[in-house]
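Every letter in the sequence shown is one number past the one before it in UniProt numbering, and letter 53, counting from 1, is 53.
Notes follow the structure.
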Amino acid sequence: MSARAGDDVQVAVDPSPTPADQQAVIDGLREFNVPFIGQPNEQPLAAFARDGAGRVVGGLLGHTKYRWCFVAKLWVAAEARGGGHGSRLLAAAEAEAWARGCLGVYLDTFEYQALPFYQRHGYELFGTLEGYPPGYRQFYVRKLRPADAAAGGR
């Protein structure tokens with residue numbers, strides 16, 4: 001009787017994974033996905049708001065991949081809030097996403113953060129994770145590419 005493939009494989013949680021081990025998982029998953037959805041063409045996307053001294057008082061970090069833009073972080077310093085900087089950062093990211101041919105922008109926000117802000121900017125709720133973090137909810141929102149942007153995009 002022959003052994004099944006993987007019979008000698010051991011599974012263990014690793015609290016300090018090496019970059020090489022992490023990259024092996026990323027590369028393996030990407031290799032699996034490519035025949036179905038092609039290359040991800042992942043590109044970083046960042047925008048910053050700076051004061052007169054050049055100090056960062058706000059920023060947006062994310063990426064575009066598979067013709068979608070993900071906003072991972074959007075922050076404005078407390079002393080700079082209320083000046084429209086968050087709106088301008090979000091608009092800059094959206095404009096870049098449309099220029100890159102993205103179909104939409106998506107992100108998540110905690111209940112105590114900025115759901116109404118995103119809704120005012122045309123984002124629609126498409127998912128809620130109850131109890132994350134405990135006692136709160138995490139919301140997932142998206143904004144689809146406007147028709148006029150789609151006509152002029154790549």
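Quick reminder that beta carbons are idealized off the backbone N, C-alpha and C, glycines included.
Spatial neighbours of residue i within its chain, please: C-beta separation below 6 Å, excluding the five flanking residues on both sides.
{"i": "E111", "result": "Y136 and R137"}
{"i": "P40", "result": "K65 and Y66"}
Who are the Cβ neighbours of residue i in its own chain at under 8 Å, not counting the five residues just before and after it?
{"i": "R50", "result": "V56 and V57"}
{"i": "E79", "result": "V57"}
For residue i and residue j, which I take to be in contact (beta-carbon distance under 8 Å), what is that distance rounded to the nearest angstrom?
{"i": "L89", "j": "C69", "result": "Wrong, their Cβ atoms sit about 13 Å apart, outside the cutoff."}
{"i": "Y123", "j": "R100", "result": "With a Cβ gap of about 19 Å, Y123 and R100 do not count as contacting."}
{"i": "V105", "j": "A97", "result": "5 Å"}
{"i": "G62", "j": "V76", "result": "With 8 Å as the limit, G62 and V76 do not qualify as a contact, their Cβ atoms being about 15 Å apart."}
{"i": "A93", "j": "L60", "result": "5 Å"}
Using three-state DSSP, classify residue i as helix, strand or coil.
{"i": "E42", "result": "coil"}
{"i": "H10", "result": "Note that residue 10 corresponds to Gln in the displayed sequence, not to His. Three-state result, Q10: coil."}
{"i": "D27", "result": "helix"}
{"i": "R81", "result": "coil"}
{"i": "A49", "result": "strand"}
{"i": "R88", "result": "helix"}
{"i": "E130", "result": "strand"}
{"i": "A147", "result": "helix"}
Determine the closest residue to residue i out of the options, with distance taken between C-alpha atoms.
{"i": "H121", "options": "R4, L144 and G54", "result": "L144"}
{"i": "R81", "options": "V34, A92 and F117", "result": "F117"}
{"i": "T109", "options": "A53, G52 and G127", "result": "G127"}
{"i": "A47", "options": "I37, E31 and L74", "result": "L74"}
Report the partner residues of residue i according to the DSSP bridge assignment.
{"i": "R142", "result": "Y106 and E124"}
{"i": "T64", "result": "Q43 and C69"}
{"i": "G59", "result": "F48 and W75"}
Below 7 Å CB to CB, which residues in the same chain sit around residue i once its five sequence neighbours on both sides are set aside?
{"i": "D8", "result": "none"}
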